[in-house]
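Visitor: Numbering-wise (the working numbering), the sequence shown opens with residue 738 and increments by one.
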Amino acid sequence: MKILVTGGCGFIGSNFIRLVLDSRDWQVINLDALTYAGNPDNLRELENHPGYRFIKGRIEDAALVESLMGQVDSVVHFAAESHVDRSILGAGPFITTNVMGTQVLLDAFRKVGCTGKFVHVSTDEVYGSLGPSDPPFRETDNLRPNSPYSASKASSDLLCRAAWKTFKLPVVITRCSNNYGPYQFPEKLIPLMIINSLKGKKLPVYGDGRNIRDWIHVEDHCRGCLAALEKGRPGAVYNFGGNCEMQNIEIVHRILGILGMEDDRIEFVTDRPGHDRRYAMDASMARRELGWEPEKDFQQGLEETVQWYVENAWWWERIISGEYMKYYQQFPNRSKT
Ligand code: NAD
Ligand code: TDX
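#1: So, with DSSP's three-state summary, where would you put C897?
#2: Would DSSP call L756 helix, strand or coil?
#3: Report the rounded CA-to-CA distance for W1053 versus T903, giving the unit in angstroms.
#4: Can you check which of these residues, V909, H786, Q921, is closest to I749 by C-alpha distance?
#5: Work out the CA separation of A828 and S866 for me, nearest whole Å.
#6: Identify, in the order they occur along the chain, each residue of the same chain with its Cβ nearer than 6 Å to the Cβ of P1069, setting aside the five sequence neighbours on each side.
#7: Between the Cα of Q744 and the Cα atoms of D762, N767, K925, which residue gives the shortest distance?
#8: Would you check if the distance between the CB atom of V812 and the CB atom of L741 is smaller than 7 Å?
#9: Out of curiosity, what's the CA-to-CA distance linking T1074 and E1032?
#10: Between the Cα of Y886 and those of M1018, L783, F831, spot the shortest distance and give me the residue it belongs to.
#11: Expressed to the nearest angstrom, what Euclidean distance is found between the alpha-carbon atoms of R761 and E967?
#12: With 7 Å as the threshold, decide whether the Cβ of F874 is near any Cβ in chain C.
#13: Just list the alpha helix (DSSP H) runs in the stretch 810–892, keeping only unbroken ones of 4 residues or longer that don't cross its boundaries, in chain order.
#14: For W952 versus F1035, is the C-beta distance shorter than 7 Å?
#15: Return helix, strand or coil for C913, following the three-state DSSP convention.
#16: Who are the near neighbours of G868 in its chain, counting only those whose CB is closer than 6 Å to its CB and skipping five residues on each side?
#17: Measure the CB-CB distance between D1008 and Y943 and report whether it falls below 7 Å.
#18: Can you round the beta-carbon distance between G788 and W763 to whole angstroms, since I take them to be within the 8 Å contact cut?
#19: When the Cα atoms are used, what is the spatial distance from V1006 to E1048?
#20: Enumerated in chain order, which unbroken segments of the beta strand (DSSP E) with a length of 3 residues or greater are wholly contained in the stretch 759–806?
#21: Pull up the distance between the alpha-carbon of I910 and that of M1022, whole angstroms please.
#22: Taking 6 Å as the cut-off, is the C-beta of R795 nearer than that to any heavy atom in the ligand NAD?
#23: Closest to G1028 by CA distance: which of A965, H820, N835 is it?
#24: Does the stretch 945–963 come close enough to the stretch 981–995 to have 3 or more Cβ pairs within less than 8 Å?
#25: Under three-state DSSP, which class holds I1056?
#26: Expressed to the nearest angstrom, what Euclidean distance is found between the alpha-carbon atoms of Y1061 and E797?
#27: With a Cβ-Cβ cutoff of 7 Å, do N976 and R912 count as a contact?
#28: Please determine whether the Cβ atom of C962 lies at a distance below 6 Å from any heavy atom of the ligand NAD.
#29: Hey, how far is the Cα of P919 from the Cα of Q808?
Dropping the structure here:
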């Protein structure tokens, strides 16, 4: 099998490519624009792998995308602007990449006549926010996104649905809860709290810290994406979750506990506007149809993740210093337009 992975230099995409090349005898083309969140350091050890090719370019570049689609069977689409706080500061790049870019990929998949599947990697945030006693989200729930980020992801989900309904494009949509693990960009809660702790900085907790997320290890999510590609029913949506609902403040306490540090650096700061209160996922359909289940125990996964950031300070120090951006420059831009 030959697959095009979009956004493979990001957090989840890089973990996914590592999983595929470790476990399958496939060819992978990774199309990534290397935005601030894309870091070729994430896949350094695979740069010379015979099954791997990296192309620096944007998913909105129709000519480039068509030329790459012509070389693959299937697509696993991770590329996105992914950070809620950035979408509140400015929605433009979210619309360009998440909405328009997804449509370019769908059009190219159809035009070229790819014979495999189009896996669209989406998020629990498209469903909106739950009250304290609401049941977890199901695939049939209405989409009620609350941030520009989640609205752009919901839009891309609807474009994928339309491609399935109108053209019978074999699209499979996955919606996963909050990921954690190695190579997560330090703007997100868990890596930010670990790195700030290690650097002796304050730990900014939004609002009252009691917002709830359902945490899943990135490797469990990646196994789900692979199962969706291999076994997913075209036109289906699959929820993935970690069965691990936890308040943000509890996460911060656990990180400090693992590091053997005091709580005195926690600082409650102004809340995120429109901050979703609670997410929880019902993943029974993925269990039934894909035979998928999250495996990693949260406390164990968190300890391993903290350990990874402690041992790989070079990785995040190059991000904080901006050094990783210089490494970008060796890659030529492959625009066809
Ligand atoms: P990330 O921000 O770490 O990585 C995104 C990658 O996409 C980067 O490598 C970036 O360079 C690339 N990219 C951005 N715009 C691009 C463009 N126009 N063309 C080509 N490449 C581009 O994101 P992530 O956390 O790895 O998330 C990956 C996907 O999974 C996203 O679609 C996100 O919505 C979804 N998701 C994330 C989570 C989570 O907890 N992180 C949970 C559920 C779903
Ligand atoms: O400094 C912080 N302090 C804080 O209290 C940050 C960065 C976050 N938070 C809170 C906000 C959220 O309630 O922690 C929670 C998690 O925040 P993020 O790591 O920004 O994730 P979230 O907004 O939940 O979105 C994530 O999960 C779903 C990913 O960023 C999305 O890409 C994914 O779709």
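All residues carry an ideal CB built from backbone N, CA and C; glycine is no exception. Remember, predicted model here, so these are calculated numbers, not experimental data.
Guide: This is what the structure gives:
#1: Three-state result, C897: helix.
#2: When secondary structure is reduced to three states using DSSP, L756 falls in the helix class.
#3: Roughly 44 Å separates the two Cα atoms.
#4: Taking I749 as reference, the option from V909, H786, Q921 with the minimal CA-CA separation is Q921.
#5: The straight-line gap from Cα to Cα measures roughly 20 Å.
#6: Hits under 6 Å: none found.
#7: Sequence check: residue 744 is Gly here, not Gln. Of the candidates D762, N767, K925, the one whose C-alpha sits nearest the C-alpha of G744 is N767.
#8: Yes, Cβ-Cβ distance for V812 and L741 is below 7 Å.
#9: For T1074, the pLDDT reaches just 46, beneath the cut-off of 50, and the residue's location in the model is therefore unreliable, leaving the point undetermined.
#10: Of the candidates M1018, L783, F831, F831 places its Cα closest to the Cα of Y886.
#11: Each residue's CA atom was taken as its position, placing R761 and E967 some 11 Å apart.
#12: Structure shown: chain C not included; a single protein chain is present.
#13: Runs of the alpha helix (DSSP H) spanning 4 or more residues and lying entirely within the stretch 810–892 occur at 821–826, 839–849, in chain order.
#14: Cβ atoms of W952 and F1035: closer than 7 Å.
#15: Correct three-state label for C913: strand.
#16: The answer is none, since no qualifying residue turns up.
#17: Yes, they are a contact pair.
#18: Yes, G788 and W763 are in contact; Cβ-Cβ is about 6 Å, under 8 Å.
#19: Straight-line Cα distance between these residues: approximately 29 Å.
#20: DSSP runs (the beta strand (DSSP E)) wholly in the stretch 759–806: 764–769, 789–793.
#21: Roughly 13 Å between the two C-alpha positions.
#22: At least one heavy atom of the ligand NAD sits closer than 6 Å to the Cβ of R795.
#23: Nearest to G1028 by C-alpha distance, out of A965, H820, N835, is A965.
#24: A contact exists between the stretch 945–963 and the stretch 981–995.
#25: Helix.
#26: Separation of Y1061 and E797 (C-alpha to C-alpha, rounded to the nearest whole angstrom) is 24 Å.
#27: Yes, these two residues count as a Cβ contact at 7 Å.
#28: The answer is no for C962.
#29: Spanning the two alpha carbons is a distance of roughly 30 Å.
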